[in-house]
Each structure stands twice: as structure tokens, then as C-alpha cells.
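Read through the structure below, which is laid out as C-alpha cells, and then see the notes.
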Amino acid sequence: MTWFQFSTAGSQSPFVRGAGIHLRIPQMRDFEAWAAIREESRSFLERWEPTWPPDDLTRPAFRRRIAWYEEDVARDASYPFFLFREEDGALMGGLTLGPVRRGVVQTCTLGYWMGERYACQGYMTKAVIAASHFVYSSLGLRRIEASCLPINRPSIGLLEKVGFVREGYAREYLCIAGVWEDHFLYAMLKDEFMRRYSP
57 MTWFQFSTAG SQSPFVRGAG IHLRIPQMRD FEAWAAIREE SRSFLERWEP TWPPDDLTRP
117 AFRRRIAWYE EDVARDASYP FFLFREEDGA LMGGLTLGPV RRGVVQTCTL GYWMGERYAC
177 QGYMTKAVIA ASHFVYSSLG LRRIEASCLP INRPSIGLLE KVGFVREGYA REYLCIAGVW
237 EDHFLYAMLK DEFMRRYSP
């Protein structure tokens, strides 16, 4: 059974625990594990992501990344998480909820990545379910949006398994690996999620 432990929105250290995994805001002490899994998975990840900057895996770049993350969380702008396996603390991937849009919208966008050695084993499914509970229960949003490339069958399968509904097709939506790519657009509503996952 999934349970959750987190601090209030705006804190620098939200923490979410799910079934065999936990999510927490990245910290400088994560640099070596993060850089190692990203470098090891470079060819696996680069085809699905924006072009990596030349200094992406350096400590100074990671320090800047941590500063941005802390500022975003403090402003309730986005919530970046690293994904860890409970049994051994292995850093397996990452998940971001943002930008958070309030007012009459009350939604955020979900993005995620997984190290190649941990892919297709159900860990990200558990992470997305746990993060969705956090969005609806702690952040008080009512909708989560996501997008993926039409050729990314694992990502499509993950979103649809969790309960996201395909709502559209966006032409040249995001620049991926240096190319403006079309994307499927997905969303999941709070009521749909709670009906599926509430005890």
C-alpha cells in the first residue's frame, strides 16, 4: 500500500514515499550518483530529451540546477524530484511537476526520466502514482498534464496504465534532441485518479 510523507508546499524538502520507492527534492550530495546514472544512460536518454548542454554533467552545472530547483519549490513554481529505490537507496531517475499553474487553471505538467538499467521494471509507474497523490492531496491541484513522442511506446504505456487520457496531438510541440517534434498530449483529472487509487 502506498503512503505519503511530505512537508507543506513551498518548503525546500517535500518528500513522498510510495510502494518500494521514494521521491525527494535533489540535493548536492546526489551529484555523483546522478552524474553516473545520466552518463551511463546517455544514449538511452538523449533521443527523448532536449539537447544536453556541453557542461551538463559537471558539478558547477549541477550546483546551478540545485539552486534553480530550490527557488522553484520556494515559489511553488515546480517540484523536481529524484526517484530512489527504497531497498538500497539507489538513484534511478527523476520526475518533475511543473510549471504549476494556479488561478482558474489549477494544473501542472508531468515530466520524467529513468536510468536505462532501471527502465521497464515498474518503478516509474509507482513514482507517477505517488507523485499524483502529492499533486492532488498536498498541492491541491485538479489536473496533471503530460506529453510524449508518438514513437515512445513505453511512455505511452506508462501514462495510460496510470490513468492518463490522450486529449490531443500537438505539432512541433517540443524541441527534442535538436528537432521540433510532434507530441501526444495527455491529462488526468483529480476525480479520475481518486476513483482509481483511493482506498
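Numbering of the sequence shown is given in the numbering used here, commencing with residue 57 and proceeding in unit increments. Beta carbons: idealized from backbone N, C-alpha and C, even for Gly.
Collapsed DSSP secondary structure at residue i in the structure displayed
| i | result |
| --- | --- |
| Ala243 | strand |
| Phe220 | coil |
| Tyr179 | helix |
| Ala226 | strand |
| Arg199 | strand |
| Glu172 | helix |
| Leu139 | strand |
| Ile232 | strand |
| Leu214 | helix |
| Asp144 | coil |
Enclosing alpha helix (DSSP H) for residue i [first to last residue]
| i | result |
| --- | --- |
| Val156 | Careful: Val156 lies outside any alpha helix (DSSP H) and carries neither H nor E. |
| Asp111 | Segment: none, Asp111 is in no alpha helix (DSSP H) and carries neither H nor E. |
Residue span of the beta strand (DSSP E) that contains residue i, given as start and end
| i | result |
| --- | --- |
| Val191 | Where Val191 is concerned, there is no enclosing beta strand (DSSP E), given that its DSSP letter is neither H nor E. |
| Ser99 | No beta strand (DSSP E) holds Ser99; the alpha helix (DSSP H) holding it covers Arg98 to Leu101. |
| Arg80 | Ile77 to Arg80 |
| Val72 | Phe71 to Arg73 |
Classification of residue i by the beta-carbon crowding that lies within 10 angstroms, buried from 16 upward
| i | result |
| --- | --- |
| Pro70 | buried |
| Val235 | exposed |
| Val72 | buried |
| Arg199 | buried |
| Gly196 | exposed |
| Ile207 | exposed |
Of the residues the options, the one placed nearest residue i, counting alpha carbons only
| i | options | result |
| --- | --- | --- |
| Arg173 | Tyr229, Gln162 and Gly149 | Gly149 |
| Ala226 | Leu214, Asp247, Val218 and Cys204 | Cys204 |
| Glu201 | Arg222, Ala186, Leu195 and Ile207 | Arg222 |
| Arg157 | Arg141, Tyr125 and Asp132 | Asp132 |
| Gly154 | Ala89, Phe137, Met170 and Arg141 | Phe137 |
Closer than 8 Å to chain D by CB, residue i
| i | result |
| --- | --- |
| Phe100 | The chain inventory of the structure shown lacks chain D, comprising one protein chain alone. |
Are the stretch 111-119 and the stretch 185-192 in contact at 8 Å, needing three or more beta carbon pairs? No: fewer than three Cβ pairs fall under 8 Å.
Measuring CB atoms only, is the stretch 204-218 touching the stretch 170-185, in the sense that at least three cross pairs come out at less than 8 Å? Contact between the stretch 204-218 and the stretch 170-185 is present: 3 or more CB-CB pairs across the two stretches fall below 8 Å.
Counting Cβ pairs, one atom from each stretch, are 3 or more of them under 8 Å apart for the stretch 77-93 and the stretch 114-134? Of all C-beta pairs linking the stretch 77-93 to the stretch 114-134, three or more are shorter than 8 Å, placing the two stretches in contact.
Could you say if the stretch 89-106 and the stretch 133-152 meet the contact criterion of at least three C-beta pairs nearer than 8 Å? These segments touch.
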